[in-house]
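Chains as they are written, first to last, in my numbering: chain A, 1 to 406; chain B, 1001 to 1406. Positions of the beta carbon are idealized from the N, C-alpha and C atoms, including for glycine. Inspection log for the structure reproduced underneath, given as C-alpha cells.
There are 2 protein chains.
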Amino acid sequence: MRFRALPGFRDFYPEQMAVRRTIEAVWHQASRRAGFQEFDGPVLESLELFTSKSGPEIETQLYAFSDKGERRVALRPEMTPTLARMVGARAGGLPKPIKWYCVPQFFRYERPQRGRGREFLQWNVDVIGASEPAADAEVMAVAIDALRMLGLGEQDVVMRVNDRRFLRRMLQSIDVEEREEPEVLGIIDKLARDPAAAKRLEERLGEKRAREILGWCERMPLGRAEELESVLEACRDYGVEAYLEPDFKTVRGLAYYTGPVWEIFDRGTQLRAIAGGGRYDELIAAFGGPDLPALGFGMGDVVLRELLQEKGLEPEAPPRVEVFVVPIGPEMLGPARQVLARLRERGVSADAPYGGTKVGKALKAADLIGARRAVLVGPEEWAEGAVRVKDLASGQEQSVRLEDLE
Amino acid sequence: MRFRALPGFRDFYPEQMAVRRTIEAVWHQASRRAGFQEFDGPVLESLELFTSKSGPEIETQLYAFSDKGERRVALRPEMTPTLARMVGARAGGLPKPIKWYCVPQFFRYERPQRGRGREFLQWNVDVIGASEPAADAEVMAVAIDALRMLGLGEQDVVMRVNDRRFLRRMLQSIDVEEREEPEVLGIIDKLARDPAAAKRLEERLGEKRAREILGWCERMPLGRAEELESVLEACRDYGVEAYLEPDFKTVRGLAYYTGPVWEIFDRGTQLRAIAGGGRYDELIAAFGGPDLPALGFGMGDVVLRELLQEKGLEPEAPPRVEVFVVPIGPEMLGPARQVLARLRERGVSADAPYGGTKVGKALKAADLIGARRAVLVGPEEWAEGAVRVKDLASGQEQSVRLEDLE
Chain A
1 MRFRALPGFR
11 DFYPEQMAVR
21 RTIEAVWHQA
31 SRRAGFQEFD
41 GPVLESLELF
51 TSKSGPEIET
61 QLYAFSDKGE
71 RRVALRPEMT
81 PTLARMVGAR
91 AGGLPKPIKW
101 YCVPQFFRYE
111 RPQRGRGREF
121 LQWNVDVIGA
131 SEPAADAEVM
141 AVAIDALRML
151 GLGEQDVVMR
161 VNDRRFLRRM
171 LQSIDVEERE
181 EPEVLGIIDK
191 LARDPAAAKR
201 LEERLGEKRA
211 REILGWCERM
221 PLGRAEELES
231 VLEACRDYGV
241 EAYLEPDFKT
251 VRGLAYYTGP
261 VWEIFDRGTQ
271 LRAIAGGGRY
281 DELIAAFGGP
291 DLPALGFGMG
301 DVVLRELLQE
311 KGLEPEAPPR
321 VEVFVVPIGP
331 EMLGPARQVL
341 ARLRERGVSA
351 DAPYGGTKVG
361 KALKAADLIG
371 ARRAVLVGPE
381 EWAEGAVRVK
391 DLASGQEQSV
401 RLEDLE
Chain B
1001 MRFRALPGFR
1011 DFYPEQMAVR
1021 RTIEAVWHQA
1031 SRRAGFQEFD
1041 GPVLESLELF
1051 TSKSGPEIET
1061 QLYAFSDKGE
1071 RRVALRPEMT
1081 PTLARMVGAR
1091 AGGLPKPIKW
1101 YCVPQFFRYE
1111 RPQRGRGREF
1121 LQWNVDVIGA
1131 SEPAADAEVM
1141 AVAIDALRML
1151 GLGEQDVVMR
1161 VNDRRFLRRM
1171 LQSIDVEERE
1181 EPEVLGIIDK
1191 LARDPAAAKR
1201 LEERLGEKRA
1211 REILGWCERM
1221 PLGRAEELES
1231 VLEACRDYGV
1241 EAYLEPDFKT
1251 VRGLAYYTGP
1261 VWEIFDRGTQ
1271 LRAIAGGGRY
1281 DELIAAFGGP
1291 DLPALGFGMG
1301 DVVLRELLQE
1311 KGLEPEAPPR
1321 VEVFVVPIGP
1331 EMLGPARQVL
1341 ARLRERGVSA
1351 DAPYGGTKVG
1361 KALKAADLIG
1371 ARRAVLVGPE
1381 EWAEGAVRVK
1391 DLASGQEQSV
1401 RLEDLE
C-alpha cells in the first residue's frame, strides 16, 4: 500500500525546501530591515472568527470541522482575523504604529489548479494605527524590495496603484449611485482580464458613462486623484517609482478596502497577480479589534515561484555541506569524527562516511554533494596533529594543523 | 464580541516569536552544519497514514475530520509517517544515507496542561539507510550541539542512553518471555518516575528477578552492553560524552525502537524530557516506505523554552531596528525616507516616523525601540549631501556624507 499527499497539498523535498526557505528569507529580510516585527497565530481558529465578518458563505471554501470538544473550528484561510484578534487583546499596551509581519501557511478548500493549491504560504505585512499616506507607500516599497532582492526588476513586474476613495468619487461624478457601486466596481475590476466586461459596463451604465470610465482606464486621470498624490510622492522617496503604474482598473476584489489599493503583476502575462494590498481602515474593528486605521498586503509563494522559474531566477539549493572529511583507513574513522566535531563547532558544515573507508569513493561522494573541500585524515599526519585539506575545485592540497582548521 | 485563541493553541506576539525564531535558528544551524537537509510535508494528511501503523485508537488523540471531498484527514501528530511516505515515493533516487531534518508543528487533541498544549513545534532529525552505530552517535551529538548553542551545559541536562537489543537480551537472560516483554519494558520505563513501579515489577516477575533488574537500573551493567560500546565510543569522538549517562531504565515508551534509545532530561527536576530518539529499523517499511534502517529524534519547543526561562537563558528579542531616522522639520520627511531607503538597501534595519516631526519625541521613540543610532536629517546638512549620525548610547554625534552612510 502506497500513501500519497492529499490533492492540493505539497511535499517539500530538500531541493524544494531550499527554494522555499530562500524566498522566505527574503521576505523576512525585507520586513525586518523596514522595522516590521514577526508574529504568528494558530493554524486552527474558531470558525466564527472567519465567518463573523465575511458571512457563512465563506465556510464553503474553508477546511472547517467540529473538534472533539464540539467546537466549530477551521484551518486559517487568511491572517487578518487573527491579527485583529491579537491586536484587540492587547491594543492598549502596543505602541503605535504597530508594524507586524508574518509568513504563515493558509488553507482553502478549492479545486486544485495550476498556481492554486489547497495550501499555500503567504507573506503578510501590516501597519495598524497609521493614517499617513507614507505608511501606504512604505508597505508598497517593502513588497518591491523583496522582489528586487529576488532579482525581479521593473522590466519583470509592475505595481498597479489606485485609490478606493478616488474611484468612488469619480463614479459619483458621473452619477453612479452608492448602491450601484459594488457591481460597477466589480465590472471595472474585470476590465483587464475579461473581454466581455466593457460590454457589461455599457449595459449597466449606458454608452456615455461607460465610455467615460473606459477613458479613465485607458489613461488614469491622475490630476484628479489627489488622494494618491502623497502616496506616490513617498514612493518616489523610497525609490520604487519605476515599478509603479497608476491604474483606474485596479479595484481589488475584496470589499473592505477604504483607501489606496494596489496589485503587483508579472509584466509578461499581465495576468498573474504576485501580491496585492491596500488600506482597510474599518476592518480591524469589524473583526472585533480596536477601531484603528490599518493597511497591508499579502504575497503568496506559488505564483512567485513559477515566475522565478520562468525567468531562470529560482534560487539554487546550497551544497549539502562545505567540507567532506575522509578517513584514510578504518582506524581513522574515530579521528575523522573528531575533525567533524571541530569543524561543526566552528560553524563549518561538514560530513564524513559513517563506516566505509574507501578513499576514492569518499572523494566521489564529496564531489556529488558539492563540497568545496575534502579533509583527509591519515595516520601519519594525525600523529603529528595535522590533516590534509584538499580544494576540490583546484585539486590543490595542503597540510593544516588541527587547531588551525576552520 | 471578543474572540480568543482555541484552548491549547498559542498566539506568538513579536516578543514570543523572536524567542521561537531564535530556538528554531539553533535547530537549523545544528542540523545544517552536520550535513542534514531540511524537508517538510503537509500539515494535513490522510487519516489512514497515521492509523495504518499505530491502529485506530490513535484517532482519539488526533485532530481528525472528513474534508468536503469525504476524505478522512488529520492534522499531523508526528512526522515519521510523512517521512516514510516521502522517502518511499523516491527511495531509489535518493543517495544513502538520507540525512533529513524538519521543524514542523504538530497537533494532538489532549487535555491542555503545563508543558503540553494541543499544538507544539518539534525539531526532527533522521538518518535513513545507515546501520552503523556512528549514525546513532551523530544524531545524539546533533541534539546536544543545539542545547549547547542555547547555553545548556552538561550541568543542566543529561542524555540517558540504552539499547533495546541489550534490554531484551538482559530480560531473556532471566527468563522473561517474549510475550511478557512489552509489559515488563513498560514497568521499567516508569521506574524513574513512579514509586509504585518497583512493586509492580516484583508482583509481575517475583522478588528475585525484580531485584536483579532493579540492580541493573541502579548500576548499568555496561560490561554486558556490547551493543552500546561503539555508539558510546563515537560519542566520545564527537566530544559529547560528558552529557551521557548509560541507563537501564531508559526504554522509550514507543514500541517501534529496535536499537539504541535515548532521552535528554533536565538535570534539575529529572522529570521533564527535552528530547528523545533512537533507532527504528523496521518503521519506515511498516509505514509503507522502503525497507531501510533508520534512526532519529524529536525535540519539542515547549519544555525546552520553560527550561531556558528557568535558567535565565531565554534568548532576548533583538531591537526592532538598528537606526531611527529623524527628520528635522516637516520638509525633511521626504529626505528622511530617502535616507531610510538607502539604509535598508544596504541591509541596515531602519525606521522613521510616518508624519509627526517633533525631534524630542522621535528620539524618545528611537530609545524605546532600542535603536543604537539616530540619523538626524536637517535642511542645511541635507543641502550639502550629509546627515548627522548620533550614537544613542554615548550621545556622540558626527556628520556623515550620504554615500558613506551604512
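Start and end residues, beta strand (DSSP E) containing residue i
i               : result
residue 53(A)   : Here residue 53(A) belongs to no beta strand (DSSP E); instead the alpha helix (DSSP H) covers 47-54.
residue 122(A)  : 119-128
residue 98(A)   : 98-102
residue 1246(B) : 1244-1246
Candidates the options, of which the one nearest residue i by Cα
i               : options                               : result
residue 1041(B) : 100(A), 67(A) and 105(A)              : 105(A)
residue 343(A)  : 167(A), 368(A), 401(A) and 29(A)      : 401(A)
residue 1366(B) : 1319(B), 1280(B) and 1346(B)          : 1319(B)
residue 1076(B) : 1061(B), 1068(B), 1088(B) and 1087(B) : 1061(B)
residue 1308(B) : 1153(B), 1005(B) and 1127(B)          : 1153(B)
residue 1116(B) : 1368(B), 1010(B) and 1215(B)          : 1010(B)
residue 1341(B) : 238(A), 196(A), 403(A) and 156(A)     : 238(A)
residue 208(A)  : 175(A), 240(A) and 2(A)               : 175(A)
residue 1354(B) : 1347(B), 1334(B), 1345(B) and 1369(B) : 1334(B)
residue 83(A)   : 1149(B), 1055(B) and 1005(B)          : 1005(B)
residue 301(A)  : 16(A), 357(A) and 225(A)              : 16(A)
residue 1251(B) : 1392(B), 1068(B), 1182(B) and 1374(B) : 1182(B)
residue 1370(B) : 1357(B), 1392(B), 1352(B) and 1380(B) : 1392(B)
residue 1103(B) : 1206(B), 1217(B), 1214(B) and 1122(B) : 1122(B)
residue 277(A)  : 2(A), 113(A) and 127(A)               : 127(A)
Beta-carbon neighbours of residue i, restricted to chain B and to distances below 7 Å
i              : result
residue 435(A) : A question about residue 435(A) goes unanswered here, because the residues of chain A that appear run from 1 up to 406.
residue 17(A)  : 1038, 1039 and 1040
Cβ distance (whole Å) where residue i is taken to contact residue j below 8 Å
i               : j               : result
residue 1248(B) : residue 1139(B) : Residue 1248(B) to residue 1139(B), Cβ: 21 Å. No contact.
residue 1143(B) : residue 337(A)  : The pair is not a contact, with the Cβ atoms about 16 Å apart (cut-off 8 Å).
residue 1265(B) : residue 1273(B) : 6 Å
residue 147(A)  : residue 157(A)  : 6 Å
residue 30(A)   : residue 189(A)  : The Cβ separation is near 27 Å, so there is no contact.
residue 1079(B) : residue 1124(B) : 5 Å
For residue i, the first and last residue of its enclosing alpha helix (DSSP H)
i               : result
residue 154(A)  : Premise fails: residue 154(A) is in no alpha helix (DSSP H) and is neither H nor E.
residue 225(A)  : Counting along the chain, residue 225(A) falls outside any alpha helix (DSSP H), and DSSP gives it neither H nor E.
residue 1264(B) : It is not in any alpha helix (DSSP H) - residue 1264(B) instead sits in the beta strand (DSSP E) that spans 1260-1266.
residue 86(A)   : 80-90
residue 1031(B) : 1014-1033
residue 419(A)  : Since the first and last residues shown for chain A are 1 and 406, residue 419(A) lies out of range.
residue 1213(B) : 1197-1218
residue 364(A)  : 359-369
Cβ pair residue i, residue j closer than 8 Å
i               : j               : result
residue 1287(B) : residue 1085(B) : yes
residue 1295(B) : residue 1136(B) : yes
residue 261(A)  : residue 164(A)  : yes
residue 129(A)  : residue 81(A)   : no
residue 245(A)  : residue 179(A)  : no
residue 1166(B) : residue 1229(B) : no
residue 323(A)  : residue 348(A)  : yes
residue 35(A)   : residue 1321(B) : yes
residue 1150(B) : residue 1019(B) : no
8 Å Cβ cut-off: residues of chain A touching residue i
i               : result
residue 1405(B) : Under the 8 Å cutoff, chain A gives no residues; its nearest Cβ is about 14 Å from residue 1405(B).
residue 1014(B) : 37, 38, 39 and 100
residue 1244(B) : Under the 8 Å cutoff, chain A gives no residues; its nearest Cβ is about 14 Å from residue 1244(B).
9 Å Cβ cut-off: residues of chain A touching residue i
i               : result
residue 1112(B) : Ordered by position in chain A, no residue passes the 9 Å Cβ test against residue 1112(B), which lies about 11 Å from the chain.
residue 1350(B) : 33, 34 and 35
residue 1122(B) : Near residue 1122(B) there are no residues of chain A at all, since even the closest Cβ is about 14 Å away, more than 9 Å.
residue 1247(B) : What residue 1247(B) touches in chain A: nothing, since even the nearest Cβ is about 23 Å away.
Where residue i meets chain B, residues with beta-carbon distance less than 8 Å
i              : result
residue 119(A) : 1042, 1043 and 1044
residue 132(A) : 1354 and 1355
residue 97(A)  : 1354
Proximity test, residue i beta-carbon vs the ligand GDP heavy atom, cut-off 7 Å
i              : result
residue 203(A) : For the structure depicted, the ligand GDP is absent and the ligand set is empty, with no information on it obtainable.
Beta-carbon neighbours of residue i, restricted to chain B and to distances below 9 Å
i              : result
residue 2(A)   : 1085, 1088, 1089 and 1288
residue 172(A) : In chain order: nothing, as chain B lies at least about 28 Å away.
residue 321(A) : 1032, 1033, 1034 and 1035
Closer than 8 Å to chain D by CB, residue i
i               : result
residue 1011(B) : The question asks about chain D, but that chain is absent: this structure's protein chains are A and B.
Closer than 7 Å at the beta carbon, the chain A residues around residue i
i               : result
residue 1256(B) : The contacting residues do not exist; residue 1256(B) stays about 17 Å from chain A at best.
residue 1238(B) : 337 and 341
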